[in-house]
Structure formats: C-alpha cells, structure tokens
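Worksheet: the structure to be examined is printed underneath.
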Amino acid sequence: MKTASKSHAQTGFTIIELMIGIAVAGILLVVAVPAFNDFQKRNALRSTAADFITAINTARIQAINLRVTVTLKPISGSDWGGGWVIDYPASVLTEDDQEFLPTGSSKIISETGLSKIEFRSNGLSNAGEAKFSLCDDRSAEEGRAITVSPFGKVTNEVKSCS
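Just so you know, we're using the UniProt record's numbering here: the sequence shown kicks off at 1 and counts up by one.
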C-alpha cells in the first residue's frame, strides 16, 4: 500500500536569494547616491541664481515705484556669497529691507569688484555693467554667469567653474 505524500509549497526566500537581492540593492545605491547629490547641488545653484536675479529685479522695480534710490548689497562687507539685502532709504517707511541667502554651497563672486548696486528712480544702475559668477563646491562643473547692464537688464548664462 502506498502512502500519500503531501507536497509542501515553499514560502519565503532562501538565504542565497536574500544575499543576491541585497547585493543588487547595494549596487543601485552606489550608482544612485552620487547622482542624487549632484542633482541636489545643481538645483541649489539654479535656485540661488534665480533668487539673486529676483533680488536684482525687485530692487530695480522698487526704485522706480517708490521714486527713490534702492541698493542691493551683500549682507556683510563685500562678500556676496554670504547673502544679500535690498536696502531701502530711511525715508521709505513702508518697506522693510529684504534679505536673501544662498542655497546649499553656492558662492557668488562679483567679477567687477562691486560692493553694491544702486538703482535710481529712473531704473538705471550706477554700477555700469555688473558681472557675477555663481559656482558651488563641485570642481570643474558648470555654474552661472549673471550680468546686470547699466539699464537694469539681467542676463543669466551657463559658465564653466574651474
């Protein structure tokens, strides 16, 4: 007489399957993490450039609207990399100074050595052509070149940071 054998279905993972899965996940992380960090730094640089351009345009527009001279300058000394502020004259009681801080490890350098940009009530700048470089701590990567014309027009171009 034969006895009926019950077949048991295998459930779960074997140790080999688990080790292969962990190895594949490790390889994916090794590839993904550096790319994600680069993505974050690139976006932080773009965000800083956008904030800086917004500050330039806001200072110019406020100078025209309020009919006063409005100054865009670094928060401390002549270091644009530490942030910048839109400074209104004391005669304008309705506007508070606006501060902007760079995002991430972005650095802003004035290529023309300016410690401030003043926009007069007609929208023109007293600084002539102002050039700024934006780079971060990634070496030999692309950054941004921001130029402000004497008329207040802002251009934003890709540049090499070396």
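Glycine is no exception: its CB is placed at the ideal position from the N, C-alpha and C atoms. Bear in mind the structure is a predicted one, so any value in this text is a computation, not a measurement.
- Here ALA55 is buried. Its C-beta has 16 or more other C-beta atoms within 10 Å.
- Shortest Cα-Cα distance from SER160 to any of PHE151, VAL24, ARG138 involves ARG138.
- Straight-line spacing of the CA atoms in ALA63 and ARG42 works out to 32 Å.
- Burial state of GLY152 is buried, judged by a 10 Å Cβ sphere holding 16 or more other Cβ atoms.
- Contact between the segment 103-115 and the segment 33-47 is present: three or more C-beta pairs spanning the two stretches fall below 8 Å.
- When DSSP states are grouped into helix, strand and coil, ASP38 belongs to the helix group.
- CYS135 has its alpha-carbon roughly 20 Å from the corresponding atom of LEU72.
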